[in-house]
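The working numbering puts the sequence shown at residues 19 to 289. To start, the structure itself, in structure tokens.
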Amino acid sequence: MSKLKLGYSYIIQVKLVEYCHQIVAAECEEIRRRFMMWLAIAEDLERAIHERVLNPGDKLPTEHMLVRKYFVTRHMVRLALNRLVQRGLVESHQGRGTFVCRPNMAFPIRQRTRFGEIAQQAHVNHKYETRSIQIGRMPPPVAREFGVKLTAIGVCLERLSVVDGQPSALAQHYFLEKRIPKFADTYNKFQSITATLKELGIVDYVRVRTHIISRLPTNEEASILQMPRHVPLIITRAINHDVDGNMLEYGEARMAADRIEIVIDTSNFNN
């Protein structure tokens, strides 16, 4: 009887071990299945970002929408979104949702700040789109910067900088019309401020002061720059002088704060 009992005991132990192995295998398979599910969701969303189905600044579907789309739990969706956050592809804002990150471009402010040259050094595709060029009274703050009467006539050039197909900066450039009377016509020919000034005898100019402020964009600014209303603008107000120390240009550039990195380069500044 003792041998029989031992035999039954051994069989039971073997069966228990087999059963435990089956349970562990089943749990491992379930873990693997769940891992593959949220990983597949993350890869699908990442593919949509790389293929520009979701563009920089776009808001991702809500967790509820993703749950319904992929037939998974909310936990699975959160795991997928966390993976995208860790990879630097999206950023989550509490109460607002998850958005596709915008790539940052370093914008060094130095004595000779030229956005086109900065973009070229960053190895990005860059172009200017001229929105308007007008001759008329300058805004009072601009006239005061030039030290002229409020009735003084100026030239205002408005341009949109486009980097890798995405609007990057909206800028206004002001010049005194009496000093550069042919600026508008010459710019229409060259489509370049530096080339226009050289053609008109101003071979060089330098940045002497830059004011940097921030605020939320207007509806129009958000539309032009293709950015969400909740993302702040970085605004630089620049004063440029010619080599003789005379004020040449007042410029104001508005850029989305989540796609630009301001770098203050003081290596060539004089005390």
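C-beta: ideal position from N, C-alpha, C; glycine also.
Nearest-angstrom beta carbon gap, residue j and residue i [assumed within contact, 8 Å]
i: Met123; j: Glu279; result: 7 Å
i: Glu69; j: His191; result: Contact doesn't hold; Cβ gap of about 36 Å is too wide.
i: Val226; j: His259; result: 5 Å
C-alpha gap between residue i and residue j, whole angstroms
i: Ser228; j: Thr116; result: Just to set this straight, residue 228 is Thr in the shown sequence, not Ser. Rounded to whole angstroms, Thr228 to Thr116 spans 33 Å at the Cα level.
i: Ala271; j: Ala187; result: 6 Å
i: Lys87; j: Arg233; result: 37 Å
i: Met83; j: Val224; result: 52 Å
i: Asn143; j: Pro185; result: 12 Å
i: Met55; j: Val90; result: 8 Å
i: Leu168; j: Lys77; result: 44 Å
i: Val166; j: Arg114; result: 46 Å
i: Glu195; j: Val281; result: 32 Å
i: Arg128; j: Met265; result: 17 Å
i: Glu163; j: His93; result: 57 Å
i: Ala211; j: Asn237; result: For the record, residue 211 in the displayed sequence is Ile; it is not Ala. For Ile211 and Asn237, the distance between alpha carbons rounds to 28 Å.
Within 8 Å, strictly: CB atoms of residue i and residue j
i: Ser110; j: Leu99; result: yes
i: Ala66; j: Leu72; result: yes
i: Gln152; j: Cys174; result: yes
i: Ala161; j: Arg101; result: no
i: Ile14; j: Ile231; result: No statement about residue 14 is possible, as the shown extent of the chain runs from 19 to 289 and does not include it.
i: Gly106; j: Met245; result: no
Cβ-based neighbour list, residue i, same chain, cut-off 6 Å, excluding 5 preceding and 5 following
i: Asp222; result: Val261
i: Ala274; result: Leu243, Met245, Val249
i: Thr284; result: none
i: Pro235; result: Leu251
i: Arg255; result: His229, Glu270
i: Gln112; result: none
Neighbourhood of residue i by C-beta, 8 Å cutoff - its chain only, sequence neighbours within 5 removed
i: Asn206; result: Ile151
i: Thr308; result: Because the chain in this structure spans residues 19 to 289, residue 308 falls outside the shown range and cannot be described.
i: Pro79; result: Lys87
Cβ neighbours of residue i in the same chain (closer than 7 Å, five flanking residues each side left out)
i: Arg149; result: Glu176, Arg177, Leu178
i: Val95; result: Ile59, Glu81, Leu84, Val85
i: Lys145; result: Val180
Closest by C-alpha distance to residue i, when choosing among the options
i: Pro158; options: Leu251, His93, Gly172, Tyr146; result: Gly172
i: Gly154; options: Leu63, Ala202, Gly183; result: Ala202
i: Val103; options: Leu63, Arg130, Asn264; result: Leu63
i: His276; options: Pro79, Val108, His93, Phe193; result: Before going further, note that residue 276 is Asp rather than His in the sequence given. Nearest option by C-alpha distance: Val108.
i: Gln209; options: Glu147, Arg92, Arg130; result: Glu147
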